[in-house]
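**Q**
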Amino acid sequence: MAVFLLALGAACCLGAGFVLQQHAAQRAPSGDLLRWRLLLDLLRMPDWLLGIAFMIGGQALSALALSQGEVALVEPLLATNLVWAMLLARRITGTRLGRPGWIGVALIALGVTAFIAAGQPRGGGPGAGPLRYWLVFGIVSGLALLLVAVARRLPLFEEATLLALAAGLLYGLQDALTRSTFDRIDQDGAAAALVSWPPYTVVGLGVIGLLLVQSAFEAAPLRMSLPALTAAQPLAGIACAVGFLGDRLRVTPGALAWQSAGLAAIVVGVVVLGRHPALPGAK
């Protein structure tokens, strides 16, 4: 129960933080896109700082959830951050949730329930060897790099979506490495964890992901970026957890079908909510 509450609390903070950050990022100079100067300009905006405070709180709660539960369990719950973002945006815009909004909320809730119930995520499996570890790491980070390279050649609206997808992949990888760090602390102690590379990679991925997210928020309305970010993070996190952390899911045909259906429902629900008029800039 603690893992559920921590993950849902993290999703709430992240959703609120994303709305506040995007509200500020759209006022940043357009020439700052994908430049570190963007973060320096945003530091002067109080609403962005408040959004960052919410995001840091959400990341702290998600780290606590990951320290007590499997990545494959926590990630689907974090995907509900779009629901909390919708509720805050609704207060800002005064727009009713309506049938599409409730359909999106229901799809995400049912998708999370179906995936967790069918998959029964659990840890304790053998971790991957170095080859598979670095293969999964390289595929996820390489795909994120490719998305950024392609995004630079596209119009701003399409660029925002690809930048958000890249950030979501990096955040999913960051979540898996966060769990890896806590596992190392449990096994060998904090001192051993601090002389290994994963904790510092977690910080580096967070900083790079922050730049990509703020650039996506600056480039286009929230509906073009937040759904992509919200959908990519759990998919990448679950893939990394199963790929190299030893997290296990049920693999019977029926369980796999329900897990696939649950993930599909989460993605569709995210897209439906992302197009809702309550989100800033949505049409």
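Residue numbering for the sequence shown follows our numbering, starting at -15 and increasing by one per position. Glycine included, each C-beta is placed from N, C-alpha and C at the ideal position. Here the structure is a predicted model, which is why all the values come from computation and not from measurement.
1. How would you call residue 83, buried or exposed, if buried means at least 16 neighbouring beta carbons within 10 angstroms?
2. Roughly how many whole angstroms lie between the Cα atoms of residue 222 and residue 61?
3. Answer with buried or exposed for residue 180, where buried requires no fewer than 16 other C-beta atoms within 10 angstroms of its C-beta.
4. Could you give the residue range of the alpha helix (DSSP H) that holds residue 51?
5. At which residue ranges does the stretch 110 to 138 contain complete alpha helix (DSSP H) runs of 4 or more residues, listed in the order of the chain?
6. Compute the distance between the beta-carbons of residue 45 and residue -7, then report whether it is under 8 Å.
7. Of all the beta strand (DSSP E) runs that stay within the bounds of the stretch 133 to 184, which reach a length of 3 or more residues?
8. If we ignore side chains and look at the alpha-carbon of each, how far apart do residue 250 and residue 16 end up?
9. Could you say if the stretch 90 to 104 and the stretch 229 to 246 meet the contact criterion of at least three C-beta pairs nearer than 8 Å?
10. Thinking C-beta only, is residue 1 closer than 8 Å to residue 39?
11. DSSP puts residue 315 in a beta bridge; with which residues?
12. So, at 6 Å on beta carbons, what are the nonlocal neighbours of residue 3 in its own chain, with the 5 sequence-adjacent residues on each side left out?
13. Keeping to the same chain, check which residues put their C-beta closer than 6 Å to that of residue 143; ignore five residues upstream and five downstream.
14. Alpha carbon to alpha carbon, how far is residue 148 from residue 105? Give it in angstroms, no decimals.
15. Would residue 67 and residue 89 qualify as a contact pair, given that the criterion is a beta-carbon distance under 8 Å?
16. Counting C-beta neighbours from all protein chains within 10 Å, is the total for residue 50 16 or more, i.e. buried, or is it exposed?
17. Would DSSP call residue 20 helix, strand or coil?
18. Tell me, please, whether the stretch 221 to 240 touches the stretch 156 to 173 by the rule of three or more beta-carbon pairs shorter than 8 Å.
**A** Result, derived from the coordinates:
1. Here residue 83 corresponds to residue number 99 of the sequence shown, with the count starting at 1. By the 10 Å Cβ count, residue 83 comes out exposed.
2. The residue you call residue 222 lines up with position 238 of the sequence shown. The residue you call residue 61 lines up with position 77 of the sequence shown. Distance between the alpha carbons of residue 222 and residue 61: 12 Å.
3. Numbered from its first residue, the sequence shown carries residue 180 at position 196. Result: exposed.
4. Translated into the one-based positions of the sequence shown, residue 51 becomes position 67. Run containing residue 51: 30 to 52, per the alpha helix (DSSP H) assignment.
5. 114 to 135
6. The sequence position of residue 45 within the sequence shown is 61, counting from 1. The sequence position of residue -7 within the sequence shown is 9, counting from 1. Cβ distance < 8 Å, so residue 45 and residue -7 count as in contact.
7. none
8. In the sequence shown, the residue the question calls residue 250 occupies position 266. In the sequence shown, the residue the question calls residue 16 occupies position 32. The alpha-carbon atoms of residue 250 and residue 16 are separated by roughly 33 Å.
9. yes
10. Translated into positions along the sequence shown, residue 39 becomes position 55. Translated into positions along the sequence shown, residue 1 becomes position 17. Against a cut-off of 8 Å, the Cβ pair of residue 1 and residue 39 comes out as a contact.
11. Past the boundaries of the shown model lies residue 315; the chain is included only from -15 to 267, so the question cannot be answered.
12. Within the sequence shown, numbered from 1, the residue matching residue 3 stands at position 19. The residues are 69, 72, 73.
13. For the purposes of this step, residue 143 is taken as the residue at position 159 of the sequence shown. Closer than 6 Å at the Cβ level, and outside the excluded window around residue 143, lie 135, 203.
14. For the purposes of this step, residue 105 is taken as residue 121 along the sequence shown, with counting starting at 1. For the purposes of this step, residue 148 is taken as residue 164 along the sequence shown, with counting starting at 1. Straight-line Cα distance between these residues: approximately 27 Å.
15. Within the sequence shown, numbered from 1, the residue matching residue 67 stands at position 83. Within the sequence shown, numbered from 1, the residue matching residue 89 stands at position 105. Yes, these two residues count as a Cβ contact at 8 Å.
16. The count along the sequence shown starts at 1 and reaches residue 50 at position 66. Buried, since its Cβ has 16 or more Cβ neighbours within 10 Å.
17. Residue numbering aside, residue 20 sits at position 36 when the sequence shown is read from its first letter. Three-state result, residue 20: coil.
18. yes
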